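Chemist:
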Amino acid sequence: MSKFSRDRVKGFLHTDGRKMVNENGETVVLRGWGVGSWMNPEGFMIGGVPLFAEVGGFNDFALPRRFERGRTMETTVRELAGTAYAKEFAKKWYRSYLSEEDIRLMADMGYNSVRLPVSARLFLAEEPEIQWIEGGFAVLEQVLDWCEKYHVYAILDLHGAPGGQSALACDDGIDNRPHMFTEPESRERALLIWEEFAKRYHDRWIIGGYDLLNEPLSGPDCRKLLPELAKFYDDVIPRIRKYDKNHMLTLEGSVFSMDMDIFDHEYDPECHNWCIHIHYYGFSPEVRTLYRFLDASLKNNVPIWIGEGGSDPVSNSVFYEIAGAYDIGYAVWSWKRADDPKGDGSSAVTYPIPEKWDVMRDYIRNGGPRPSYKESQEILDEMLEKMKPEYYTVDRTYNYYNLRQPGIRIPAVGFNQGSTKSNGWIYGNAFGYRTEEGMKMPLRPDAMPPQHVVVPTGEPLRESSPLKDLCLELREGEAAAYTIRDVKETCLVSATVRALGEKASVIVTCTSEEGKREVSEITVTGTETKEYDLASLSEGAEWTISLETKEGTVQLDEVIFAR
């Protein structure tokens, strides 16, 4: 049974050194999605305003824009459709955006976890007294029931803390300042939120962890508050542990969860059940890009979790496989978004925007004429309707790549971490990619090297990347391996290969997770690139295909796992 499998979703998730384990002590590597725009809507994913304002600099103070975040989405709906409608719309949104079908589909695809972003104001009223909002807890608990039904660990993510913690639109704050760290009342309310979650959910094993703050101190001029972030973690964890000694805690550093400076001491001395939670977009898919996180993990003897991030499907597939070799899991952002040509972001699921949405968009973005109350209500009703599973489109190929399932083409240079046998190539490659492996990775025959010198002509730089432009050269005795998972029916494996010379021979070894082993040999003839059949894999949870050159030299471009 694989460490990525949903079969290991059993009991409370704990840390054991630099691994996460279930109640049986089995290693669990989280693979899942973050459900952006559910309880914490963000305009750029739902047909609202772009991620960053078109006017003004990043450092400029600015009040939130219409339909930019949860609180301004609600006020915009009130402007457009009236107060009574707006109250009902908010309730319907939270129940429509994330359905049982979404959780079932994640599980069916093979994911074992989901990150659930919540905004504090949906649980604790923004009023002078401490007033808990039972409706918010009820919505969350229904989703937790679905997660338990389908065996998907839920990570409870405080995306929007009282007052705002990120200095970004994503924290659902009243403006783009981190008031949680500057206002004692807001800070205390954040502590109370986690106390309340701990009281209510201390015995809910399906909650895989508590994500204490999303992307804290990520806006401009926030670094001076870094000591306050460390102090908040030092204060909140004992208050959680007073009621809950079961759940793993995930702690994020500052600056989009990329800064490791605060991880200089033990944050959970009573239970030592915490991990370093990072966010990583646009990564180079190689182990050295993880160095600063691995360094912090080693010093603190805690796991790493990539709780948010993503890139193109092929990069995801290579990078997350490399990370998995170090028991590092991931949650891609974001599960669902509007199918909006003027929007941003990527997702597994898209839903159609209303037919007349441009009328609404003109009002939201440009201050255009406000649609009538009746027209606005009709458009917003259509939005809620189109979110339902019967309308949305699933990008299954994206998920095949994330999960390493059949139906993908893996660049030959995206081999498994630690799988190679090399003769010690010391000269690197045009991209400086994975040089520590000692493998020769020349440019593909039709590829051009990356541009290192920019001539000020105004011409765009030529697009290039190691996964697209490099091939893997295997000389005699050299080898590399590739893994495919969740093979439900016969999977044909092939590769695009050429010989450097008249011919070369390659030993193909296929090994299943259960220990089944199949060995064959192929002969590659001529310098022309051809697709060669390598193997026919039977049903199995995991297969690893190793290619070793027996005689001569070959260059591989891609390994193809057909569906």
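Quick note on the numbering used here: the sequence shown kicks off at 2 and runs consecutively.
Where is the CB? At the ideal position from N, CA and C, for every residue including glycine.
Keep in mind that this is a model prediction, so the values were computed, not measured.
Around the Cβ of Thr394, are there at least 16 other Cβ atoms within 10 angstroms (buried) or fewer (exposed)?
Modeler: exposed
Chemist: Between which two residues does the beta strand (DSSP E) carrying Glu479 extend?
Modeler: Premise fails: Glu479 is in no beta strand (DSSP E) and is neither H nor E.
Chemist: Pro304 and Lys4: beta carbons closer than 8 Å?
Modeler: no
Chemist: Pairing CB atoms from the region 330-339 with CB atoms from the region 291-311, are three or more of them under 8 Å?
Modeler: yes
Chemist: Output the distance between the C-alpha atoms of Asp269 and Val360, rounded to the nearest integer angstrom.
Modeler: 52 Å
Chemist: Could you pull out every residue in the same chain whose Cβ sits closer than 7 Å to the Cβ of Ser537, ignoring the five residues on either side in sequence?
Modeler: Thr491, Leu493
Chemist: May I ask which residues mark the beginning and end of the beta strand (DSSP E) holding Phe13?
Modeler: According to the DSSP assignment, Phe13 belongs to no beta strand (DSSP E), since it is labelled neither H nor E.
Chemist: If you reduce the DSSP assignment to three classes, tell me which class Glu549 lands in.
Modeler: Strand at Glu549.
Chemist: Thinking just about the alpha-carbon of each residue, which of Gly433, Arg499, Ala482 is nearest to the one in Cys511?
Modeler: Ala482
Chemist: Determine the burial state of Gly165: buried for a count of at least 16 other Cβ atoms within 10 Å of its Cβ, exposed for fewer.
Modeler: buried
Chemist: Based on DSSP bridge pairs, tell me the residues matched to Glu43.
Modeler: Arg70
Chemist: Start and end of the alpha helix (DSSP H) containing Ser494?
Modeler: Note that residue 494 is Val in the sequence shown here, rather than Ser. Premise fails: Val494 lies in the beta strand (DSSP E), 492-500, not in any alpha helix (DSSP H).
Chemist: Quick test of the definition: if touching needs 3 or more C-beta pairs under 8 Å, does the region 423-440 touch the region 348-357?
Modeler: no
Chemist: Go ahead and label Val488 buried or exposed: buried means 16 or more other beta carbons lie within 10 angstroms of its beta carbon, across all protein chains shown.
Modeler: buried
Chemist: Using a Cβ-based criterion (distance less than 7 Å to any ligand heavy atom), does Asn301 qualify as near the ligand MG?
Modeler: Ligands are entirely absent from the displayed structure, and the ligand MG is therefore not among its contents.
Chemist: Decide if Tyr399 is buried, meaning its Cβ has at least 16 other Cβ atoms within 10 Å, or exposed.
Modeler: buried
Chemist: With distances taken from CA atoms, which of Leu64, Arg499, Glu549 is nearest Ser423?
Modeler: Glu549
Chemist: Between the Cα of Ser255 and those of Pro221, Glu267, Asp534, spot the shortest distance and give me the residue it belongs to.
Modeler: Of the listed residues, the one whose Cα sits closest to Ser255 is Pro221.
Chemist: What are the partner residues of Lys337, as DSSP defines its beta bridges?
Modeler: Val350
Chemist: Can you tell which of Phe320, Lys225, Asp176, Gly425 has the C-alpha that lies nearest to the C-alpha of Thr73?
Modeler: Asp176
Chemist: Looking at Lys551: is its Cβ nearer than 8 Å to the Cβ of Ser506?
Modeler: yes
Chemist: For Tyr151, which residues in the same chain have their Cβ closer than 7 Å to its Cβ, ignoring the five residues on either side in sequence?
Modeler: Ile104, Arg105, Ala108
Chemist: Distance, Cα to Cα, Glu477 vs Arg518?
Modeler: 22 Å
Chemist: Bridge partners of Trp275, per DSSP?
Modeler: Leu250
Chemist: Closest to Glu479 by C-alpha separation, out of Ile508, Arg293, Pro461, Glu460, would be which residue?
Modeler: Ile508
Chemist: For Arg32, count the other beta carbons within 10 Å of its own beta carbon; 16 or more makes it buried, fewer makes it exposed. Which is it?
Modeler: buried
Chemist: Can you tell me where the beta strand (DSSP E) holding Val115 begins and where it ends?
Modeler: 114-120
Chemist: Using three-state DSSP, classify Glu197 as helix, strand or coil.
Modeler: Three-state result, Glu197: helix.
Chemist: Starting from Gln556 and walking both ways along the beta strand (DSSP E), at which residues does that stretch end?
Modeler: For Gln556, the uninterrupted beta strand (DSSP E) segment begins and ends at 555-562.
Chemist: I'd like the span of the alpha helix (DSSP H) that includes Ile104, first residue to last.
Modeler: Its alpha helix (DSSP H) spans residues 101-110.
Chemist: Extract the residue ranges of the beta strand (DSSP E) inside the region 396-427, only unbroken runs of 3 or more that lie entirely within it.
Modeler: 409-412
Chemist: Applying the criterion that 16 or more other CB atoms from any shown protein chain within 10 Å of the CB defines a buried residue, is Arg397 buried or exposed?
Modeler: exposed
Chemist: Let me confirm a value: Asn367 is counted as buried when at least 16 other C-beta atoms fall within 10 Å, else exposed. Which label applies?
Modeler: exposed
Chemist: Could you spell out the range, first to last residue, of the beta strand (DSSP E) harbouring Lys531?
Modeler: 531-538
Chemist: May I ask you to verify whether the region 191-209 touches the region 231-243, counting CB pairs closer than 8 Å and requiring at least 3?
Modeler: yes
Chemist: So which of Thr183, Glu102, Tyr401 has the shortest CA-CA distance to Val144?
Modeler: Glu102
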